[in-house]
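Numbering (this note's numbering), first residue to last: 9 to 404. Cβ coordinates follow ideal geometry from the N, Cα and C atoms, glycine included. Just so we're clear, the structure is a prediction, and the values are computed from it rather than from any experiment. Structure first, then comments.
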Ligand SMILES: *Cc1c(COP(=O)(O)O)cnc(C)c1O
């Protein structure tokens with residue numbers, strides 16, 4: 009017997025829920041890729057992507073996932089033997105660093121652990137110690153999807169300026185673009201990567217590299233770039249269909265156009281940020297209420313360093329694994345696995361993805377199902393979690 013039949017909810021931190029409208033926009037015959045509607049539409053997509061990133065500079069679109077644009081970012085700006093500083097806060101900046109090493113780039117890694125944000129003072133010290141300015145770029149994630157930490161990207165710009173270090177500032181916003189507030193140009197970010205399948209609500213398969221003038225200048229000396237990954241033709245919209253190194257990702261583009269309409273034209277980017285903030289606070293309130301004296305806790309203690317896209321939850325023993333199983337079997341909800349958690353803590357950890365096409369009833373549904381699962385599995389928890397969540401939502 010199962011109570012899971014009904015609409016399934018994939019509440020993992022990417023791929024995220026796809027709006028029916030996005031799916032419907034993709035459900036069409038193959039379009040002409042040389043002239044007509046698709047070409048015209050892609051020009052509007054480029055302009056709107058820049059609005060979402062809050063940048064006036066360039067964007068290159070690739071048929072790739074996040075790992076692809078990690079590589080694109082590096083090979084357009086670096087040469088073999090160059091050095092980057094990697095700011096690890098869970099799993100993903102480290103992953104970007106692994107890509108760098110695979111390309112023959114040297115990496116200095118500062119690991120801030122699984123439970124805290126980048127410490128700007130330690131970054132400043134590392135930059136000051138680099139008196140020869142060998143570090144060419146700082147690789148950071150705004151949101152680490154494993155730990156659910158949100159890093160202070162604007163603060164990293166201040167640190168670079170204060171230390172007078174010329175390194176480029178690279179930000180991975182794959183988890184959190186159109187979720188957590190971000191201002192590429194105002195924050196002095198030189199390069200930002202993201203993908204289609206999280207905040208942008210489109211299936212996996214499109215990757216984006218946004219780059220400003222300093223990163224564009226670095227392209228001139230980069231010897232790692234290869235023809236497919238070169239961003240220069242991709243940043244020239246008049247040569248649209250070659251941008252993809254061949255056939256355009258036709259249906260993804262129709263889906264993305266629909267998603268951008270929803271984000272920019274209908275809801276508005278600031279309202280999208282606000283919705284995610286309120287829903288995240290509801291989740292935090294529930295977990296904090298359950299946690300009173302029970303060992304249940306948010307992975308990131310500092311509210312100012314928590315993402316609005318994903319929440320990593322810690323429970324004693326193997327309760328995380330058991331709850332994930334119960335929600336799958338009895339609620340039709342799939343929670344995120346304990347990616348990046350230290351091995352001995354992993355059975356206690358799960359993650360909730362709440363990025364993109366997510367609203368009040370979905371978040372309260374997940375929290376209600378978690379509470380039912382804790383009751384069914386006799387996981388000790390304090391009462392009041394759902395009420396705390398409802399209050400956070402009522403406050404708005
Ligand atoms: C999902 C994610 C990635 C990896 O993206 P893929 O599309 O799976 O390659 C990288 N960084 C962050 C922060 C992510 O959330």
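Asked: Contacting residues, own chain, Cβ-Cβ under 6 Å from residue 49 (five flanking each side not counted); Found: 265
Asked: Cβ contact (3+ pairs, closer than 8 Å) linking the region 64-84 and the region 196-215; Found: yes
Asked: Contact under 8 Å by Cβ, residue 57 with residue 67; Found: yes
Asked: Candidates 355, 251, 337: closest to residue 41 by CA position; Found: 251
Asked: Of the residues 94, 163, 111, 139, the one placed nearest residue 121, counting alpha carbons only; Found: 94
Asked: Where the alpha helix (DSSP H) through residue 368 begins and ends; Found: 368-384
Asked: C-beta atoms of residue 128 and residue 164 nearer than 8 Å; Found: yes
Asked: Where residue 9 falls, given that 16 or more other Cβ within 10 Å makes a residue buried; Found: exposed
Asked: Classification of residue 344 by the beta-carbon crowding that lies within 10 angstroms, buried from 16 upward; Found: buried
Asked: Nearest-angstrom beta carbon gap, residue 218 and residue 61 [assumed within contact, 8 Å]; Found: 5 Å
Asked: Segment contact, 8 Å Cβ cut-off, at least three pairs: the region 207-214 with the region 332-340; Found: no
Asked: Test item: CB-CB of residue 12 and residue 374 under 8 Å; Found: no
Asked: Host beta strand (DSSP E) of residue 96 (start-end); Found: 91-96
Asked: Any non-hydrogen atom of ligand 1 closer than 7 Å to residue 212 Cβ; Found: yes
Asked: Three-pair Cβ contact test at 8 Å for the region 292-300 versus the region 379-393; Found: yes
Asked: Inter-residue Cα distance where the pair is residue 284 and residue 187; Found: 6 Å
Asked: CA-to-CA distance, residue 282 to residue 272, given in whole angstroms; Found: 14 Å
Asked: Secondary structure, beta strand (DSSP E): runs of 3+ residues fully inside the region 106-185; Found: 114-119, 143-149, 176-180
Asked: Whether residue 317 touches residue 151 by CB criterion (8 Å); Found: yes
Asked: Coarse secondary structure for residue 342, derived from DSSP in three states; Found: strand
Asked: Chain D within 8 Å of residue 96, Cβ atoms only; Found: The chain inventory of the structure shown lacks chain D, comprising one protein chain alone.
Asked: Near ligand 1: residue 205 beta-carbon under 7 Å from a heavy atom; Found: yes
Asked: Burial state of residue 181, where buried means 16 or more other Cβ atoms lie within 10 Å; Found: buried
Asked: Residue nearest to residue 383 in terms of C-alpha spacing, selected from 368, 331, 359; Found: 331
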